[in-house]
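Worksheet: the structure to be examined is printed underneath.
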Amino acid sequence: MLGKRDTGRPDTRPCFFKIMLPPNFTQLRIPHHFNGQLSDINSNQATLTSRTCGNWEVELVKDDKGDIYFTQRWPEFVKRHSLVPLDVLVFKYNGDSSFDVVIFDKNGTVRNYHHHHHQESASSFPSFEKKMQSSNIGSKSLVQIPKKFATEHLPHSKQRITLRNSDGVSSSASIIIFSRKYLAITGGWKVFADFNSIKKGDICTFELIDQSTMQVHIFRK
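Start counting the sequence shown at 25; every next residue gets the next number (the numbering used here).
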């Protein structure tokens, strides 16, 4: 379990790491060379344990090449931990289909999580949250960016922005100056919202990964 190293004994559990790239957001392949460590697995379920959500059950699937994947409920694990491209996950195998998972950001720092009323949300990137209203859905929809967030993190000018969902699928949009004083996401937001089936009442968290990219986490009503 997490914290084994606190006993002072070396952590000798077999482990592997994965860098989060787009294919890994929907399913994750266990490195083939690690399969020999999994000879004791006799079910199609694995338990992932993290500091954020405790024990999390995911489905194990073996393909015709002998590769083993985390599949069902893995995307929810990704969303729960606000994983983004280039995060590094270390999986420590406890036996009996059980893994401890430690998450590092792209700078090699263990991700710190703070409580969030929809999820345990990572604090590595500045973010804001919007509950989707009628003005955020439809042909002339836009998302107004909170003024405090815009002032602290964005230039007060029109710019292009890439919106990326939790599966790593990206869409281009625009940030414009709205009503002469507010920044708003438009010009591509509708395409992103339609593709991701965003509905009124859903809650979206927008994380500013860099000056031209936002990771959007969607929580269904």
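Even glycine gets a Cβ: it sits at the ideal position worked out from N, Cα and C.
In this text, all values refer to a predicted model and were calculated from it rather than measured experimentally.
Outcome for D35 when other beta-carbon atoms lying within 10 angstroms are tallied against a minimum of 16: Answer is exposed; the Cβ neighbour count stays below 16.
Ordered list of beta strand (DSSP E) runs contained in the segment 59 to 103, each at least 3 residues: Fully enclosed beta strand (DSSP E) runs of 3 or longer: 69 to 74, 78 to 86 and 92 to 94.
Inter-residue spacing [alpha-carbon to alpha-carbon] between I209 and V114: Straight through space, the alpha carbons of V114 and I209 are spaced by roughly 35 Å.
With 16 other Cβ atoms within 10 Å as the buried cut-off, status of I201: Using a 10 angstroms sphere on the CB of I201, the tally of other CB atoms stays under 16, which defines it as exposed.
Inter-stretch contact (C-beta, 8 Å, three-pair minimum) for the segment 88 to 101 and the segment 126 to 135: Taking 8 Å as the limit for Cβ pairs, the verdict is that the segment 126 to 135 does not touch the segment 88 to 101.
Close beta carbons around V193, own chain, < 6 Å, minus the five adjacent residues each side: So the list is empty, once near-sequence residues are dropped.
Residues near G225 in its chain [Cβ-Cβ closer than 8 Å; skip 5 each side]: Excluding sequence positions up to five before and after G225, its CB lies within less than 8 Å of the CB of K155, M156 and K245, all in the same chain and listed in chain order.
8 Å Cβ shell around S165 - same chain, five flanking residues per side excluded: Correct list, in chain order: S159, T210, W213, K214 and A217.
For H139, the three-state DSSP class (helix, strand or coil): With a pLDDT of 40 at H139, under the threshold of 50, the modelled position of that residue is not reliable, and no figure is offered here.
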